[in-house]
Amino acid sequence: MSMQGSPAEDIPVEEPQAPRQPDLAVSLERLSRLAPIGKAEIMGNIALHFTRLAAEADLTTPLRVCHFLAQAAHETDRFRTLEEKGGKKQFAKYEGREDLGNTEPGDGARYHGRGIFQLTGRANYKRIGRMLNVDLEGRPELALDPRISVQIAFAYWRDRKINAAADRDDAARVTQLINGGLNGLADRRQLLITAKGIWF
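With the first letter of the sequence shown counted as 1, position 7 gets the number 7 in the UniProt record's numbering; the numbers rise by one all the way through.
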């Protein structure tokens with residue numbers, strides 16, 4: 001008869017381990033990896049407020065965070081601007097657009113794209129302003145304040161219920177909900193790949 005212990009005694013017992021929680025931290029260093037040419041003021045305000053605002057908008061998974069930040073990086077020209085480019089010629093395209101709530105002369109220029117997601121149109125400025133208790137309709141230039149811009153972006157994300165499209169990893173649908181079309185989709189997808197390499 002063998003004097004060795006039974007097979008059960010020879011098998012080491014492994015302690016159960018808690019599932020690893022994803023590191024969703026959004027820091028200036030990580031944002032710089034996503035967009036190395038970004039402005040520190042814009043990225044710094046995103047990093048400073050991201051955790052609190054993300055919780056309120058239920059951005060609680062790596063996929064949601066990656067889609068949000070990829071769209072933000074594209075819309076801000078890699079975190080370099082909070083204002084739409086193109087000037088008067090571009091802004092004139094919004095004049096008289098009832099679907100944007102631009103019903104008064106000059107609304108096209110007054111409510112051109114501003115902020116992280118380029119908030120556009122009187123109706124959007126009014127609705128998001130009410131959500132944040134900020135008079136964006138009366139003072140649309142407030143959307144250029146980096147601190148307010150971050151709040152607008154999360155409010156817009158919640159308002160458009162974009163988490164569902166992000167959960168499906170549907171970059172085209174996320175883009176439609178942010179942009180109204182598919183402008184820059186290839187670049188947005190490339191930024192999404194980069195973001196996944198950082199937050200996954």
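Ideal placement from N, C-alpha and C gives every residue a C-beta, glycine not left out.
Extent of the continuous alpha helix (DSSP H) to which residue i belongs
i           : result
Val65       : Pro62 to Glu75
Tyr125      : Arg122 to Leu132
Leu28       : Leu28 to Leu34
Lys88       : Gly87 to Phe91
residue 222 : Nothing about residue 222 can be read from this structure; the chain reaches only from 1 to 200.
Gly108      : Asp107 to Arg110
Whether residue i touches residue j by CB criterion (9 Å)
i           : j      : result
residue 241 : Gly101 : Any answer about residue 241 is impossible in this case: the structure gives the chain only from 1 up to 200.
Arg173      : Ala165 : yes
Leu82       : Pro140 : no
Asp99       : Gly129 : no
Arg26       : Thr61  : Here the sequence assigns Val to residue 26, which means Arg is not the residue at that position. No, they are not a contact pair.
Ile162      : Leu119 : no
Ala109      : Lys85  : no
Asp169      : Leu63  : yes
Gly113      : Thr103 : no
Arg30       : Ile198 : yes
Tyr125      : Glu137 : yes
Presumed contact (8 Å Cβ cut-off) between residue i and residue j, rounded CB distance
i      : j      : result
Gly38  : Phe79  : 3 Å
Leu69  : Ala195 : 5 Å
Phe154 : Ala47  : That pair is no contact at about 14 Å.
Leu177 : His67  : Actually they are not in contact, since the Cβ atoms of Leu177 and His67 sit about 10 Å apart, beyond 8 Å.
Met43  : Leu53  : Actually they do not touch by this definition, with Cβ atoms about 15 Å apart.
Thr175 : Arg160 : Not confirmed; about 12 Å, so no contact.
Leu142 : Val134 : 6 Å
Reduced DSSP category for residue i - H, G, I as helix; E, B as strand; rest coil
i      : result
Ser2   : Note that Ser2 has pLDDT 48, beneath the 50 cutoff, so the model's placement of it is unreliable and no number is given.
Leu185 : helix
Leu24  : coil
Glu83  : strand
Leu59  : coil
Leu136 : coil
Arg52  : helix
Arg168 : coil
Arg173 : helix
Evaluate contact between the stretch 63 to 80 and the stretch 29 to 36, counting only Cβ atoms and requiring at least three cross-stretch pairs below 8 Å.
yes
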